[in-house]
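To start, the structure under review is shown below, and the notes come after it.
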Amino acid sequence: MNSKVFMVLRILLGLFVLVFGLNKFLHFIPYGEMSEGGMNFMGGLMAAKVIYLVALVEIASGAALLLNKYGALMAVILMSVSVIAVMFHATLEPGSIAGAIILLVLNIAVLFGYKDKYSELLQP
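Per numbering that gives the first Met the number 0, the sequence shown starts with residue 0, numbered consecutively.
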């Protein structure tokens, strides 16, 4: 992958997750209408304080990707958040799945850009 394209994708992903991670603490982007199932799921995450762990993962991943320090590790860790976001929107909030798809595509592209870093992990 071209290094300039990879840098743009890495920065976009970093900004994306940093903003949405900070939003979980600061509430500067309002949430839209949610279905009952979506509200129940989010309510469970908030009641158990898991939403703050997700926010911390997003903030740490965003900062690492923007600073280009430990980006390969954080892209792998962030993949779990990306997959869960797509699954949540696909099953409970299909009308607002676009952002989750963008997150997943950016994450896959960044993982592909870091493929040289994973060569030792993928050895048999």
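Note that beta-carbon positions come from the ideal geometry of N, C-alpha and C, so glycine has one too.
Keep in mind it's a predicted model, so treat the numbers as computed, not measured.
- Just so you know, the alpha carbons of M38 and L64 end up roughly 30 Å apart.
- Going by beta carbons, V16 and E57 fall inside the 8 Å limit.
- In this structure, A84 keeps its C-beta atom at 8 Å or more from the C-beta atom of L105.
- In the DSSP assignment, H88 falls within the alpha helix (DSSP H) that extends over 70 to 90.
- A straight-line Cα-Cα distance of about 42 Å links S34 and S118.
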